[in-house]
């Protein structure tokens, strides 16, 4: 069962959207974290009622989609919440989990995995149960394609990082130049007023 019902979420979101109360007041009133309220309101604004409903089907995302999400997060300056909205995800923590799995296990961590108990044969109590592998292995061509894609994304990431550093340095130099210009003009304006 979900921790918060759809009806409660809808009631709280509507209460906020009426403009009569703040995140803080609602958080205290309903004993819910402000970040959770923000997520509900954001989901409602972007997806309507469906944004508040608990998804009954566990949607599986491809390895490529997960890699793209990770790369976009690491190469942009947007938050998990913003990126989730851009990608059509109602739960930003999915991206957090994908990044952690990728750091810990590489591509293997992003592969879909079976959940639940291992499958056992019925009616044959004499034989030991067969277990299912925890992670599916991928064939060599798929692995090679994914590794090539990772290399491309890492190269693009390096280029974007260099560009970002360049623009930050340029901004810094422009600010410094503007301050120097003000300093040069400041004493002159004092001398002219005397």
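Residue numbers (this note's numbering): 40 to 233. Beta carbons are placed, not taken as given, at the ideal position from N, Cα and C, and that holds for glycine.
| Check | Outcome |
| --- | --- |
| Which residue marks the beginning of the alpha helix (DSSP H) containing residue 106, and which one marks its end? | 102 to 114 |
| Can you tell me whether residue 45 is buried or exposed, with buried defined as 16 or more other CB within 10 angstroms of its CB? | exposed |
| Please report the straight-line C-alpha distance between residue 106 and residue 204, rounded to a whole angstrom. | 23 Å |
| Give me, in chain order, the residues of the same chain whose beta-carbon lies closer than 8 Å to that of residue 51; leave out the 5 immediate sequence neighbours on both sides. | 65, 69, 71, 76 and 79 |
| Using alpha carbons as the reference points, say which of 125, 120, 137 and 115 lies closest to residue 131. | 120 |
| How would you call residue 124, buried or exposed, if buried means at least 16 neighbouring beta carbons within 10 angstroms? | buried |
| Should residue 199 be counted as a contact of the ligand MN given a C-beta to heavy atom distance under 8 Å? | Of the ligands one can find in the structure shown there are none, so the ligand MN has no counterpart to examine. |
| Label residue 212 either buried or exposed according to how many other C-beta atoms from any shown protein chain fall within 10 Å of its C-beta, with 16 as the threshold for buried. | exposed |
| Beta carbon of residue 104, beta carbon of residue 122: below 9 Å? | no |
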